[in-house]
Amino acid sequence: MSTAYEAYRRATDLGTPAAAASTREITLTIDGEEVTVPEGITVLRAAALNGVNIPRLCATDSLEPFGSCRLCLVEIEGMKGLPASCTTEAKQGMKVTTQNKKVADTRRNVMELYISDHPLDCLTCPTNGDCELQDMAGAVGLREVRYGYAGENHLDAKKDQSNPYFTFDPSKCIVCSRCVRACEEVQGTFALTIQGRGFESKVSPSQNQPFLDSECVSCGACIQACPTATLTENTLIEKGQPEHSVITTCAYCGVGCSFRAEMKGQEVVRMMPNKDGHANHGHSCVKGRFAFGYATHKDRITKPMIRETIHEPWREVSWDEAFTYAANKIRSIQGKYGNGSVGGITSSRCTNEDVYVVQKLVRAAFGNNNVDTCARVCHSPTGFGLKATLGESAGTQSFDSVMKSDVVLVIGANPTDAHPVFASQMKRRLREGAKLIVVDPRQIDLVRTPHVEASYHLPLRPGTNVAIVNALAHTIVSEGLEKTQFIEERCDPAGYKAWREFILDPQNSPEHVAEETGVDPQSVRAAARLFASVPNAAIYYGLGVTEHSQGSTTVVAIANLAMCTGNIGREGVGVNPLRGQNNVQGSCDMGSFPHELPGYRHVSDDATRALFSREWGVELQPHPGMRIPNMFDAAVAGQFKALYVQGEDVAQSDPDTHHVTAALSALECMIVQDLFLNETAKFATVFFPGSSFLEKNGTFTNAERRISPVRKVMEPLAGLEDWEITQRLAQALGYPMNYSHPSEIMDEIARLTPTFEGVSYEKLDKLGSIQWPCNAKAENGTPTMHIGEFVRGKGLFRVTPYVPTDEVTTRMYPLLLTTGRILSQYNVGAQTRRTANLKWHDEDVLEIHPHDAEQRGIEEGDWVGLRSRAGETVLRAVLTERVQPGVVYTTFHHPESGANVVTTDNSDWATNCPEYKVTAVQAHKVAKLSDWQQNFEKFTEEQIEHLNRARSPETVS
Amino acid sequence: MDIEKLVKMANQIAANCDYGADKDKVAAVVADHLTRFWTPAMRVAIIEGHRNQLIDLAPMAARAVERLELPKSGL
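Protein chains in written order, with my numbering: chain P, 1 to 957; chain E, 1001 to 1075.
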């Protein structure tokens, strides 16, 4: 991949958006030149496409035309006056004059009025050099303001600096409404409005509140849209204009937004969503846009460290010493306890290349298959369920596909919080008229949000997903709404026959399962009819589906539902897992599961193993290795002794913390490779300082199978990129691994993996991103899968009996705890807690229904003890009707909250994905933190002291 | 290895696959799942636990375990 440094420039802006897809073209004359343009675009865009840049302020191609600034006026033969080119459609034969004396005088007069109420502090203004107002003043040749500046004006308007990331300076506002429209059209939050009339008009967040207290979600869309310095990133105010930019990919959620890292030397000035980004089309969220400061946070560890046991201080050592120490430990443990007593965990936050070398190291250098990934605890059921039914362990669509959906079914996902940029796109489609069905125990924001309302919200009891999806399918089949032709042509007949018989069983009817699910059967039937009645219905799901004892069964049931309604194999439909972390899809693709080599091929397959053996020069084990929970169980049993953890925080993120920490404490050697001394690293004996996404080259693969480039914009703080660290460890173990650049790792992946056959860094540079499969049949990748035929040939319906979870309420534990995410924080919070995102969420709280709270004497803000059979923790109560009576909810972004002290070892039957979404608990008012929390505080203090000892000057010398 | 956890997992797999009249087929599916996803050591533990009547498997899980061959390598 090229370093792709570009001199900084403002992104190209054609003034108004492209027209809806049309193949027809028209010809018109602009300034005497005949030009041919797509039908349906504006005169402004037609001119811009042909190199004529008509002055404008309120128009930008990310927003619908508005026609308020009156700067883009032109003359059009046969039309009266001076029409605004941004709101005038280009027509066949039109004759347009963009510049003459009349037009120029009018524009200059308009500009003069604007500038009469605008501060003339250009030289000290943050957007000096990158300001559309300044450019337009120059373009129209403004030389004087005849009105003077003494009249009434807005120059003293107060700045709003409440948001930690941007400043709102209304004195610079020209009331073009671009920010208001961006908030509506792009983000879909409707947090901004123009308040007042005429001279009193001003931009107002919510009801004239400070930005931070308003409904603003800090996505940044208004800042991109602002043509002046009214809305400006604080980093830009501090550092000044960037001098170059590099296109890279966000390291937060599975949407995988493309960004321009706008730089000054090795410093990031700002992260700007890339308009050409295929996953995000120029949009972003508060995490990707603003929360990148963790990369240079003072907590970063930048020197390798070792220690004999976790009860002694760390010692900073050279990289060589750290590798030798780690390799010796691993080899001696294998000598003493056997080959299988060691293993590794790959990170879904690292690049494909980083992950690939870790699984290669485990298989080739450790000599076993004990490799797993954090996808184990999130989307492993997706891999299992979709492979079993459709033939490939991945989502079937592009994000853009949603723009052709007529019904969107969201089940167990909270896109506005967890996948915000895709949620904005989905909301745009819903505002256009697509219908929405939400299946979720909570009233997530999407159920009712400005200009979006779910047709049906099925508020099921946690743990009854299979029953409800079966009931939807039962309704469809029993009412004859299935797509018979699709099923006959595309699906395995024996599988369908068995499934049909199963699903028609009255025990799957909405009425029969109502008591279990708590959902009104009529709503279920109505939702099913809606889903089956439209041309294109799409299913989006998240961890609310997978993180259950029947996670895999629900994924299968979802695939069944899509197949029986013929909703696979074209745009607008499909089965769409919303992946949690940036590279969950990639880490799974790269062979991180203990039973699969890269490309989802089972280790027992002799031909595949032979292929890898030849390339890697070693014999490979034909048996599945240990999954993460198996590793922990084996560690507690004394059979598993060393673990290499790449960028994952199992001590915080995995369920049943008591068990996890017992397992980690039982290891003789734990190597953690991370940016920070995370919770897991507190149990480590070797620490390899890793590199952030800004410090390395590689690729991430998002939820739509899109492989996007990650480019190094600064040197790794600790000197090595993550793949290099793994490579050096492999070398220290005596296994030859000698890549000189991650492009060579991708070349190897392409050689060995049929779905990646056509992927190369060169092609990524050319295309921007590639959706796998990418091979001879699909040279530029595959946006929509299973067209014409399923990957497995015929789609396989599988029966999905509902088996209630063991995690049931009892007299002792009468409530169900379910867990989730919030917008401003990401996963364990290792990154976002080290940014100003803390302003929005500085502690995890317990959401409890007012009825349950009253019964327990709990009031808003009280400390509440939350106890399950696994453990107890204490959180502050928030009373809300978002949760049903009997259900409580929390997040686990902060380690001291101990949400996972309470979650249990219950897991998905097929994949052992933990049942984070259902834990039987009791809640009661308490006065102090739990024993676990008090021990946690003490342990943390000790470990910080051990770290500080390593860092203190005398230790270093 | 915590044998009780293995028993719970095997029972859970059996419960989720157990549908239809052909019980041999179900047992084969469960046994295949154990072979494809469990380490040899886990399979040895459950086979021996069952053979020696040290564990209490659900009937379908027991049927599946009885179909498993004792792994000889990868332990």
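Ideal Cβ positions, reconstructed from N, Cα and C, are used throughout, including at glycine.
Simplified DSSP assignment, three categories, for residue i
i: GLN99 of chain P; result: coil
i: SER653 of chain P; result: helix
i: MET626 of chain P; result: coil
i: THR726 of chain P; result: helix
i: ALA261 of chain P; result: strand
i: THR940 of chain P; result: helix
i: VAL883 of chain P; result: coil
i: GLU872 of chain P; result: strand
i: MET812 of chain P; result: coil
i: THR701 of chain P; result: strand
i: VAL469 of chain P; result: helix
i: MET403 of chain P; result: helix
i: ASN560 of chain P; result: helix
i: TYR5 of chain P; result: strand
i: PHE531 of chain P; result: helix
i: ILE487 of chain P; result: helix
i: PHE422 of chain P; result: helix
i: MET272 of chain P; result: strand
i: GLY188 of chain P; result: coil
i: ASN508 of chain P; result: helix
Buried or exposed by the 16-neighbour rule on C-beta atoms within 10 Å, applied to residue i
i: ALA635 of chain P; result: buried
i: TYR540 of chain P; result: buried
i: TYR826 of chain P; result: buried
i: GLU704 of chain P; result: buried
i: GLN1053 of chain E; result: exposed
i: PHE199 of chain P; result: exposed
i: LYS1025 of chain E; result: exposed
i: ARG867 of chain P; result: buried
i: ASP320 of chain P; result: exposed
i: VAL874 of chain P; result: buried
i: ASN100 of chain P; result: exposed
Beta-carbon proximity of residue i to residue j, cut-off 9 Å
i: ILE301 of chain P; j: LEU675 of chain P; result: yes
i: VAL203 of chain P; j: ARG711 of chain P; result: no
i: LEU530 of chain P; j: ALA413 of chain P; result: no
i: SER592 of chain P; j: VAL759 of chain P; result: no
i: GLN359 of chain P; j: GLY340 of chain P; result: no
i: ILE437 of chain P; j: LEU481 of chain P; result: no
i: VAL145 of chain P; j: SER116 of chain P; result: yes
i: GLN933 of chain P; j: TYR813 of chain P; result: no
i: GLU185 of chain P; j: LEU14 of chain P; result: no
i: LEU361 of chain P; j: THR726 of chain P; result: yes
i: THR42 of chain P; j: THR12 of chain P; result: no
i: PHE323 of chain P; j: LEU729 of chain P; result: yes
i: SER824 of chain P; j: GLY256 of chain P; result: no
i: ALA191 of chain P; j: SER214 of chain P; result: yes
i: GLN621 of chain P; j: VAL645 of chain P; result: no
i: ALA899 of chain P; j: PHE384 of chain P; result: no
i: VAL421 of chain P; j: CYS285 of chain P; result: yes
i: ARG289 of chain P; j: CYS219 of chain P; result: yes
i: VAL883 of chain P; j: ARG442 of chain P; result: yes
i: GLY795 of chain P; j: ARG490 of chain P; result: yes
The ligand NAD heavy atom lying under 8 Å from the CB of residue i
i: VAL519 of chain P; result: The model on display carries no ligand, and the ligand NAD is accordingly not part of it.
Neighbourhood of residue i by C-beta distance below 6 Å, restricted to the same chain and skipping five residues each side
i: GLN581 of chain P; result: SER348 and ARG349
i: LEU155 of chain P; result: PRO119 and SER171
i: TYR600 of chain P; result: SER393
Own chain partners of residue i with C-beta closer than 8 Å, once the 5 adjacent residues on each side are dropped
i: TYR325 of chain P; result: ILE306, VAL317 and VAL686
i: PHE82 of chain P; result: The question names Phe, but residue 82 of chain P is Leu in the sequence shown. If we look at LEU82 of chain P and ignore the five residues flanking it on each side, its Cβ neighbours are LEU73, VAL74, GLU75, LYS102, VAL103 and THR106.
i: VAL828 of chain P; result: ASP649, GLN652, SER653, ASN678, GLU679, PHE892, HIS893 and PRO895
(request) May I ask you to list, following chain order, the residues of the segment 622–648 of chain P that have a beta carbon less than 9 Å from some beta carbon of chain E? (result) Within the segment 622–648 of chain P, the residues whose Cβ lies closer than 9 Å to some Cβ of chain E are PRO622, HIS623, PRO624, GLY625, MET626, ARG627, PRO629, ASN630, ASP633, ALA634, VAL636, ALA637 and GLN639, listed in chain order.
(request) With 8 Å as the limit, tell me which residues of the segment 485–509 of chain P have their beta carbon closer than that to any beta carbon of chain E; keep them in chain order. (result) Cβ contacts with chain E come from ALA498 and PHE502.
(message) Tell me which residues of the segment 792–815 of chain P have at least one Cβ-Cβ distance to chain E shorter than 7 Å, keeping chain order.
(response) Listed by position along the chain: VAL799, PRO801 and VAL803.
(request) May I ask you to list, following chain order, the residues of the segment 545–577 of chain P that have a beta carbon less than 9 Å from some beta carbon of chain E? (result) Cβ contacts with chain E come from SER549, GLN550, SER552 and THR553.
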